[in-house]
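Read the structure below first, then the notes.
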Amino acid sequence: MALIDMKNITKDYHLGETVVHALRGVDLQIDKKEFVAIWGPSGSGKTTLLNLIGAIDEPTTGELAIAGKDVRTLSDNQKSAHRNEQIGFVFQGFNLVPVLSALENVMLPLQIKGASTAEARKQALGRLEEVGLSDLIHNRPAKMSGGQQQRVSIARALVNDPSLVIADEPTANLDSETAHMIIDLMRELNQKDHTTFIFSTHDQRLLDRVKRLVRLEDGKIVNGGQKQ
Numbered sequence: 316m317a318l319i320d321m322k323n324i325t326k327d328y329h330l331g332e333t334v335v336h337a338l339r340g341v342d343l344q345i346d347k348k349e350f351v352a353i354w355g356p357s358g359s360g361k362t363t364l365l366n367l368i369g370a371i372d373e374p375t376t377g378e379l380a381i382a383g384k385d386v387r388t389l390s391d392n393q394k395s396a397h398r399n400e401q402i403g404f405v406f407q408g409f410n411l412v413p414v415l416s417a418l419e420n421v422m423l424p425l426q427i428k429g430a431s432t433a434e435a436r437k438q439a440l441g442r443l444e445e446v447g448l449s450d451l452i453h454n455r456p457a458k459m460s461g462g463q464q465q466r467v468s469i470a471r472a473l474v475n476d477p478s479l480v481i482a483d484e485p486t487a488n489l490d491s492e493t494a495h496m497i498i499d500l501m502r503e504l505n506q507k508d509h510t511t512f513i514f515s516t517h518d519q520r521l522l523d524r525v526k527r528l529v530r531l532e533d534g535k536i537v538n539g540g541q542k543q
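If you're matching positions, the sequence shown starts at 316 in the numbering used here and goes up one per residue.
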């Protein structure tokens, strides 16, 4: 069973009297443990596709199953529970709480779920060690570089042990060298923990680091096969 199964997916947005066709007849299957890049220019539908995969939005038409569950049959509360338990999110702008330390930012998702401070601290420390930030756990975001902040974001995404991590343009605000380091880190974590990673990018320089490339143009998948 595919982790993500999309069949003839469309997504339309209505802007006044204008209809924007963000996705047009998308078919996509992603299995567990894959490391997948969604590549395409700005406006090609990458973020829309990730929002559907992350159960943040719903398709206009078509069939979408996540871990065997038909998204259309889930209530808002069920979707929220699914996101909190099964999906970790990494954002282009890091989305860290500025008044919290790296450790406190990573602890936050566990504390929201009701974990004790001791358990949340233990899990967060482990994830920060995985991303190479054991020596910066008490630093606030303003005291960290962009690459370090994105590592904290990745640790936070993984702290709940999700089956899927979704990263929307995770390297867009980083220099080339740091961008490659972030993609390499995600790939290492994918191989180590067998967590499925799906990330979007418009940067062609990163494509030699992925196992599978899904290419989007004008809301359509023009190449979804294995990268050679």
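Where a beta carbon is used, it is the ideal one built from N, C-alpha and C, also for glycine.
Own chain partners of residue i with C-beta closer than 8 Å, once the 5 adjacent residues on each side are dropped
| i | result |
| --- | --- |
| Q543 | Confidence in Q543 is poor, its pLDDT being 41 and thus under 50, which makes the residue's placement unreliable; the coordinate value appears in the next sentence. None. |
| P424 | N399, R471, V474, N475 |
| V529 | L343, V351, A352, I353, W354, I536, N538, G539 |
Contacting residues, own chain, Cβ-Cβ under 6 Å from residue i (five flanking each side not counted)
| i | result |
| --- | --- |
| Q541 | Confidence at Q541 is low in this model, with a pLDDT of 39, below 50, so its placement is unreliable and the value that follows should be read with caution. Hits under 6 Å: R527. |
| R466 | V446, L448 |
| H453 | S416 |
| I469 | V405, V446 |
| M501 | F512 |
| V341 | M321, I324, I536 |
Euclidean distance between Cα positions of residue i and residue j
| i | j | result |
| --- | --- | --- |
| E419 | D508 | 23 Å |
| M496 | L521 | 10 Å |
| L365 | N538 | 17 Å |
| N323 | A433 | 46 Å |
| A430 | L473 | 15 Å |
| M459 | I368 | 30 Å |
| L451 | E444 | 10 Å |
| I371 | F406 | 14 Å |
| L504 | S390 | 32 Å |
| A317 | V412 | 34 Å |
| K347 | V414 | 36 Å |
| E378 | M321 | 6 Å |
| Q426 | N392 | 19 Å |
Minimum C-alpha distance to residue i - residue among the options
| i | options | result |
| --- | --- | --- |
| I319 | L423, Q401, G360 | Q401 |
| G408 | G383, N488, L415 | N488 |
| A457 | K428, N410, F512 | N410 |
Beta-bridge pairing of residue i - partner residues as DSSP gives them
| i | result |
| --- | --- |
| F404 | I481 |
| N538 | R530 |
| V467 | V467 is not bridged to any residue. |
| D385 | A380 |
| D320 | Q344, A380 |
| S515 | I353, D483 |
| D327 | H336 |
Close Cβ partners of residue i (< 7 Å) along its chain, the five nearest in sequence each way excluded
| i | result |
| --- | --- |
| M422 | A435, R436, A439 |
| G462 | L489, T493, M496, I497 |
| D499 | R524 |
| K361 | I353, G355, S515, L531 |
ask   = Is the stretch 528–535 touching the stretch 321–341, taking contact as three or more C-beta pairs under 8 Å?
value = yes
ask   = Does the stretch 498–518 come close enough to the stretch 345–357 to have 3 or more Cβ pairs within less than 8 Å?
value = In short, these stretches touch, since the Cβ pair count reaches three.
query = Should the stretch 318–332 be regarded as contacting the stretch 385–394, the criterion being three or more beta carbon pairs within less than 8 Å?
reply = no
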